[in-house]
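When we follow this note's numbering, the leftmost residue of the sequence shown carries the number 44, and every step to the right adds one.
C-beta: ideal position from N, C-alpha, C; glycine also.
One structure is given below, encoded as structure tokens.
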Amino acid sequence: MNSIEISIWVGVTLLGITCAALCSGFETGMYSINRIRLNIRLAANDSSAKRLKRELDHSNRLLATLLIGVTVFGDLSAVGISSLLESTGISDTWVVVLNVLILTPILFIMGDAVPKELFRTGADRLTYILTPLVILLRWLFTLLLVLPLVVQCGKLAAKLVKGSSESGLETPRESIAALLKEGVQHGILSEAQTTMLDRALLLRDTRIRGEMIPWSKVRTIMTTWDRKQVTDLLSRASFSRYPVVDPSGRIVGTVDHINLCLNAGTPITSLMAPPVVLEPDASVRDGLMKLRAADAWLGIVMSAGRPVGVVTASDLIEPLVGSRVKAEKV
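See below:
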């Protein structure tokens, strides 16, 4: 083997190891990239972010491209090293032995471990830079019909084992939750911020029934009470708001503790606000919106025409902030 042939096989070997390393590293990069930063770059109309997003949107195809690349270029480097060893005139047995001794550590260290670590720590930079190379490989493997065959085989295998499709995140909420977790991992969001945002996602499914105070524990004020009866109740209870009921037991309004104290000579009916009626199976989010629309703090939870409890805005906020505002009792 002359010097030109040796140079060619050295180049083939280096090309195989380098491309296998890039494919292996990009696979780690596609999982490690910060999706929040990616979305920010997309909002800024960044062309490299758009290219990367198009590839990530077809994760099965992207993964197949990378795995084919690792296999093809790994084999290419093996052929190159074998040819170089054969040029020395040693026996085929020693070619196989030396090939294993040389190629295995090189591919494991330089073609797998090192690039994976580089892409893990530099995913937000390297993946954008190397996306055009991955797209080029995808086109090449598609023209050779290798990629479509691998993708279809993968889909068939997924159907046989009842696997999921492209994404493991079934709902937009799960996708957002995953983004929040990535925000914590990459230091963009604190754990406290992520916890609050995660709770906010649950507000739609949290029901008022689980946050209300049962009617049996509620203190009410009658419209017919005189000042002494009102004062006796206020001295024994420290609640901030009270439902107001008429002699028939019908709820006609709500009244604030402080207004009763500051307006001793004013009739209760003049101090009370219209009741805000909430359904027990309505979501906490809907309850908060209804209280806000009515500029009220206390809601009466009704079921089948009768009261089953009361709930304050602080009760409804509790699932979000994680602690009850003790001053707001009813």
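Residue burial is scored here from C-beta neighbours: E254 has at least 16 other C-beta atoms within 10 angstroms and is therefore classed as buried. In this structure, DSSP gives A316 an extended state, which the three-state scheme calls strand. The segment 101-108 makes no contact with the segment 48-56; the number of CB pairs closer than 8 Å stays below 3.
Separation of A356 and V295 (C-alpha to C-alpha, rounded to the nearest whole angstrom) is 20 Å. Here G59 is near L119, since their CB atoms are less than 9 Å apart. In the DSSP assignment, T355 is bridged to L341. Inter-residue distance for S326 and S259 is about 22 Å (C-alpha atoms, whole angstroms).
Distance from the Cα of L321 is smallest, within the candidate group K96, I124, S346 and L303, for S346. Per DSSP, the unbroken alpha helix (DSSP H) holding R279 starts and ends at R270 to R279.
With fewer than 16 other CB atoms across the displayed protein chains lying within 10 angstroms of its CB, D269 is exposed. Rounded to whole angstroms, the separation of the alpha carbons of H300 and D329 is 26 Å. Of the residues assessed, D358 falls on the buried side of the cut-off, its CB having 16 or more other CB atoms within 10 angstroms. Proximity of the segment 56-74 to the segment 164-177 meets the contact definition, three or more beta-carbon pairs being nearer than 8 Å.
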